[in-house]
């Protein structure tokens, strides 16, 4: 019986009213999973990383619900919506309209801000159109995305890009020698020939010897009709200078393809600064001149959310009371999820995945819909324990509005607050995919599952920290909210950097520290280059050796085993999916029928190494691939680092755009450690990790800590910017930044061993660490370290 036939079986109405029923789910690593999820309740799905939580919640329940909703639309609309394959499940029943609130970052659209992403911007525009004096007009007059309100100089972007001539020119050289330091004007290129043959300046004398008039013409002329160019110059005889040409070709539009040399040159010679026409506010003079209580809409958007709450509360005009109440409610919600340090004019593309998800939560809080199923992917990621409790208030608000809330989580506080828990495991990948527990959180705590042990066992403080072998100084840091901070950073130990979200941790240690001490490598959660075509194998540097191994075994050229070269499927061009770009909507992706999603053509798939095709190898876990390629030590050594950083459940050919921020960061760490092995090991390696435990179960955190201990034992210096109390307790040294977020942060609150932090009354982190190690009134547990 097919999935469609089974799901149409009549079930009792009360059962469908009260439960989402899943029977025989086999998506990814799920092994005939059957569960019942209560409706209008908060259900948390737990288990080690890779155990099957996301496969059950996102790829089975949510995907099938969205597919069925999409099927209700006409074909014209349906073809323009995201496509979901039918779930591999025997029966699904009781599904609801489902909204997924994941950790995907907002797009890099320069016109999107925290204000627009949180839907606060329309409310502010309406408020100022009614109460601003003098009025600039209707709401479009206050929008930087509308011609009525945008600054004409920067067209509402708030910044202007331009060419730095001093960085562009090598004044010691002549034009013929390549004085223009940009690839498009390198000697021998088409544009170089135009400069040389235009005869607007002597091409054989150093640029420094040119007269001011000649240099100005060379650089800035536009549409100049030449009187005596060389015969080789184009017949049009019209000359444009270097700067206008670069602006037109690279600044006003982005070329579809940029070489690495062009990208590097642009990064070097293009400067970005606040627009002088609007001082970076994006708005025109009329919009900025309209005030409420002495502040413009630009002033409101520049304030931290925590401060803007009080400004909005001070507006007493009864004509706009409903508006100010709605604005205050949404600002309070942003502050409640730990985002009070953000300003509404901040580019949304600069937010982390966790920050972006919390903004999306706030956007849904004001919805008038009920009986909606909201699905969240680790909403506590990036949150200090102090803010996690406030997040729970928002999740329960959604539940209490007659909605069903499903949360994939590891945080003990979120698990404890659930009405119902589903624990999957017992391990990751092929070792997972079964239900270990269903029921109340208190019952899970008493089980012998990995999650039960994590909830039950107290966190242990390191009692005997390792002795540093020196230190480096970060001096007079004043970026963002830091206030002339100077701090000593110990070497040869594990240092945890703590503090509430927005306190200045990442600014100090992921930005200022490496600028002052470039020997520190920063490994964060930013997207990796390559996008959908890149995989863990390419990031680790083992893709080419694997192709070479296939080449030696088959006699075919290595390019046949690359989905980006000869081996690519001709239909999807090596992507494995067919993507339809829908402009402002999400892209529509469907698996390529020609290659079945493997990305390779028939010639590549017909060749094998020890009975396995290249597609088979890329679908393997690191351990499986290492076993198959055991005679390739360079490959196996790097693949084992994937295991050690906790990514053993991934397939080595998995697309990077399917990985979470935490997974991308640990992949970066594996690559860094693999490179260190090539150059003599981890001795004196200095690594800064920005929230390396994001998305990790407590058992996986312990495993990562064991890796850190091994690296420190080999001579490395590890700095972990963290909220996880396991990492803080297991560190040798803690630097706590705060005491609050934004303007209330930016100072060093504490420095010292973790057991002293637990006794520090001035530290918010210390209070939560103290609670964690004492459990329910028990004294702090200690280990020797």
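Numbering (the working numbering), first residue to last: 2 to 786.
Each residue gets a CB set at the ideal place from its N, CA and C atoms; glycine is no exception.
On a predicted model such as this, the values are computed, not experimentally measured, just so you know.
Starting from residue 421, trace the beta strand (DSSP E) both ways and give me its first and last residue. Unbroken beta strand (DSSP E) run through residue 421: 421-426.
Residue closest to residue 434, alpha-carbon to alpha-carbon, out of 41, 22, 520, 51: Distances from the alpha-carbon of residue 434 to those of 41, 22, 520, 51 put 51 closest.
Buried or exposed for residue 110, going by 16 or more other Cβ atoms inside 10 Å? Residue 110 comes out exposed.
Give me the residue from 265, 424, 428 with the minimum Cα distance to residue 440. Looking at the Cα atoms, 424 is the closest of the given residues.
Taking residue 497 and residue 486 to be in contact with their CB atoms under 8 Å, please state how far apart those CB atoms are, rounded to whole angstroms. About 17 Å separates the beta carbons of residue 497 and residue 486, which is beyond the 8 Å limit, so they are not a contact pair.
Could you check the C-alpha separation between residue 363 and residue 379 for me, to the nearest Å? So the two alpha carbons sit approximately 15 Å from each other.
Whole-angstrom distance between residue 615 and residue 606, CA atom to CA atom: Going by the C-alpha atoms only, they are around 7 Å apart.
Please work out which residues of its chain come closer than 6 Å, Cβ to Cβ, to residue 585, disregarding the five sequence neighbours upstream and downstream, and give them in chain order. With a pLDDT of only 44 at residue 585, under 50, the local geometry of the prediction cannot be trusted, and the value read off the model is given with reservation. By the criterion of a C-beta distance shorter than 6 Å, residue 585 is surrounded by no residue of its chain, once the five residues flanking it on both sides are discounted.
Three-way DSSP call (helix, strand, coil) for residue 729 in this model: DSSP, read as helix, strand or coil, puts residue 729 in helix.
What is the rounded straight-line gap between the Cα of residue 66 and the Cα of residue 129? Spanning the alpha carbons of residue 66 and residue 129 requires a straight line of approximately 40 Å.
Counting along the chain, where does the alpha helix (DSSP H) carrying residue 360 start and finish? Bounds of the alpha helix (DSSP H) holding residue 360 are 354-366.
Rounded to whole angstroms, what's the CA-CA distance from residue 300 to residue 345? Just pull it up for me. Distance between the alpha carbons of residue 300 and residue 345: 10 Å.
When burial is assigned at 16 or more other CB atoms within 10 Å of the CB, is residue 370 buried or exposed? Under this definition residue 370 is an exposed residue.
Does residue 316 come out as helix, strand or coil in the three-state DSSP assignment? Here residue 316 sits in coil by DSSP.
Taking C-beta to C-beta, are residue 39 and residue 421 nearer than 8 Å? For residue 39 and residue 421, yes; Cβs fall inside 8 Å.
For residue 454, name the three-state secondary structure that DSSP assigns. DSSP places residue 454 in helix when its eight states are reduced to three.
Report the three-state DSSP secondary structure of residue 233 (helix, strand or coil). The answer is coil: DSSP assigns residue 233 none of H, G, I, E or B.
Can you give the Cα-Cα distance for residue 17 and residue 548, rounded to whole angstroms? About 52 Å.
Backbone secondary structure at residue 584 - three-state DSSP: At residue 584 the pLDDT is 45, less than 50, meaning the model places this residue with poor confidence; the figure from the coordinates comes in the next sentence. The DSSP-derived three-state label of residue 584 is coil.
Tell me which residues share the same chain as residue 6 and place their Cβ nearer than 7 Å to its Cβ, disregarding the 5 neighbours each side in the sequence. Here the model assigns residue 6 a pLDDT of 37, short of 50, so the residue's position is not dependable, and the following value carries that caveat. Same-chain partners within the cutoff: there are none.
Step through the CB atoms of chain B and report whether any lies within less than 8 Å of the CB of residue 206. The structure shown contains no chain B; it holds only a single protein chain.
Taking the continuous beta strand (DSSP E) assigned at residue 463, which residues delimit it? That run of the beta strand (DSSP E) goes 461-463.
Minimum length 3: unbroken beta strand (DSSP E) runs contained in the segment 87-154: You should have 92-94, 99-102.
Check whether the Cβ atoms of residue 445 and residue 453 sit closer than 8 Å, and answer yes or no. By the CB criterion at 8 Å, residue 445 and residue 453 fall inside the cutoff.
So, at 8 Å on beta carbons, what are the nonlocal neighbours of residue 134 in its own chain, with the 5 sequence-adjacent residues on each side left out? Contacts found: 291, 292, 293.
For residue 615, which three-state DSSP category applies? In the structure shown, residue 615 adopts helical secondary structure according to DSSP, grouped into three states.
Through-space distance from residue 158 to residue 587, alpha-carbon basis: Its pLDDT being 47, under 50, residue 587 is placed unreliably in this model, and the coordinates cannot settle the point.
What are the boundary residues of the beta strand (DSSP E) that includes residue 21? Per DSSP, residue 21 belongs to the beta strand (DSSP E) from 20-26.
In the DSSP assignment, the beta strand (DSSP E) including residue 164 goes from what residue to what residue? Taken as a continuous stretch (DSSP letters only), the beta strand (DSSP E) holding residue 164 covers 160-164.
Pair within 8 Å by beta-carbon distance, residue 375 and residue 399: The answer is yes: Cβ separation under 8 Å.
Mind listing, in chain order, the continuous alpha helix (DSSP H) runs of no fewer than 4 residues lying wholly within the segment 195-248? Listed in chain order, the complete alpha helix (DSSP H) runs (minimum 4 residues) inside the segment 195-248 are 213-221, 243-247.
To the nearest angstrom, report how far apart residue 735 and residue 153 are at their CA atoms. Rounded to whole angstroms, the gap between the alpha carbons of residue 735 and residue 153 is 49 Å.
May I ask you to verify whether the segment 589-602 touches the segment 560-574, counting CB pairs closer than 8 Å and requiring at least 3? As far as the Cβ criterion goes, the segment 589-602 touches the segment 560-574, which means the pair count is three or higher.
Starting from residue 183 and walking both ways along the beta strand (DSSP E), at which residues does that stretch end? Looking at the DSSP string, residue 183 is not in any beta strand (DSSP E), and its letter there is neither H nor E.
Contact under 8 Å by Cβ, residue 313 with residue 137: Annotated as distal: residue 313 and residue 137, with beta-carbon spacing of 8 Å or more.
Going by C-alpha to C-alpha distance, which of 653, 21, 767, 47 sits closest to residue 426? In terms of Cα proximity to residue 426, the closest of 653, 21, 767, 47 is 47.
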